[in-house]
Each structure stands twice: as C-alpha cells, then as structure tokens.
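Undergrad: Would you mind keeping the following structure in view while I ask a few things?
In our numbering, the protein residues as written are 446 to 530.
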C-alpha cells in the first residue's frame, strides 16, 4: 500500500486516482489527526461483495469448501504416459 501526505495527495489527486485504478493498489492519505484510504471502485465493490457473501456462517462455509476443493483439484496433476510410443 502506498502512503502519501494530505498535501501531496491534494496536489496529485488525479495521478493517485489513476494509480489505484491501474495498479489495483490502495493509497493511504495521512494527516496529523486522521488517515484515509483511497481504492478503486472495482476493488471496493469486490470487497463489499466478499463481505456480503461471507456474512452468513452457512454461506461462508460453502464458499470455503468450494475454495478448498478447487485448490485440491488444481494441485493434482494426472499424466498418462504411453510407453509404446
């Protein structure tokens, strides 16, 4: 995550918007009292969707099971070797 001051962010706001959208990397804007994070709308929507999908224990469990099964399947490599070739 990139970090910049409020003053620098104010001067380079368009550039920061481009960076968070093109690089999918959030930016932290710091001040003397509070900080804020800027991220792309796409990344924000993805986070909100993930939180929603995991908001119920049953759905979170189903999602985790699907992820685990996908990982297991992707880690298996089945190879047939034709020794007569």
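Ideal placement from N, C-alpha and C gives every residue a C-beta, glycine not left out.
Here the structure is a predicted model, which means the values were calculated and not measured.
Residues in its own chain within less than 8 Å of residue 449 by CB, not counting five upstream and five downstream?
TA: The answer, listed in chain order, is 457, 461, 472, 473, 474 and 475.
Undergrad: For residue 504 versus residue 498, is the C-beta distance shorter than 8 Å?
TA: Yes. Within cutoff.
Undergrad: How would you call residue 454, buried or exposed, if buried means at least 16 neighbouring beta carbons within 10 angstroms?
TA: With 16 or more Cβ atoms within 10 Å of its Cβ, residue 454 is classed as buried.
Undergrad: Can you give me the C-alpha to C-alpha distance between residue 479 and residue 510, rounded to a whole angstrom?
TA: Rounded to the nearest angstrom, the two C-alpha atoms are 39 Å apart.
Undergrad: Could you pull the start and end residues of the beta strand (DSSP E) that residue 480 belongs to?
TA: Where residue 480 is concerned, the enclosing beta strand (DSSP E) stretches over 480–483.
Undergrad: Could you check what DSSP says for residue 495 in three-state terms: helix, strand or coil?
TA: If DSSP states are grouped into helix, strand and coil, residue 495 belongs with the helices.
Undergrad: Are residue 446 and residue 470 touching if we call contact CB-CB under 8 Å?
TA: Taking 8 Å as the Cβ cut-off, residue 446 and residue 470 qualify as a contacting pair.
Undergrad: What distance in whole Å lies between the Cβ atoms of residue 465 and residue 485, which are believed to be in contact at a cut-off of 8 Å?
TA: Yes, residue 485 and residue 465 are in contact; Cβ-Cβ is about 5 Å, under 8 Å.
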